[in-house]
Amino acid sequence: MKNLILISIFYLGCLSVFSQEQCELIVKVENIKEVKGSLKIAIYNHEDHFLSKEVMSDGRPIDANSMEFSFKGLGQGIYAVSIYQDENDNGELDANFMGIPSEPYAFSNNARGMFGPPSFEDCQFEVKGGAQEIVISL
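FYI, the numbering used here numbers position 1 of the sequence shown as 1, with every residue one higher than the one before it.
Dropping the structure here:
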């Protein structure tokens, strides 16, 4: 009887893991003013890791004034996205002597911060299932 209970618990646990739907997030980036350098994009799933530890990321050379990125395998949940245009392809978001970014950047919900980046809360959106699309203007 004890083994039957353990097997049932294990089976139900496996069911909940496998029933977690894997989602696809499509990020469309529009209004890229100059077709040069690379576009870097990062997805975050918690405010404690926002702008420091992404769950997924991508980057590729800019070849048009709008681009599309697809991220498969995300679980349902709350996420935020940051992007920047690495115009000189040095692998980082360049800033001036005051720390203000000198390369184009943007966040999900087209959020803007006052004296620094916006909060995770301002950028967050919910991924509910299947394929979902967001649009960000650079």
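Beta carbons: idealized from backbone N, C-alpha and C, even for Gly.
On a predicted model such as this, the values are computed, not experimentally measured, just so you know.
In this structure, Asp-86 is the residue among Ala-111, Asp-86, Gly-116 and Glu-92 with its C-alpha nearest to the C-alpha of Glu-34.
Counting C-beta atoms within 10 angstroms of its own C-beta, Lys-40 has 16 or more neighbours from the protein chains shown and is therefore classed as buried.
Within a 10 Å sphere around the beta-carbon of Met-67 sit 16 or more other beta-carbons, which makes this residue buried. For Ser-108, the three-state secondary structure derived from DSSP is helix. Our two residues, Asn-65 and Phe-115, have alpha carbons roughly 28 Å apart in a direct line. Following the DSSP letters along the chain, one finds Phe-120 inside the alpha helix (DSSP H) bounded by residues 120-123. Judged by DSSP secondary structure, Glu-68 falls within the beta strand (DSSP E) whose first and last residues are 67-75. For Glu-47, DSSP records no beta bridge to any residue.
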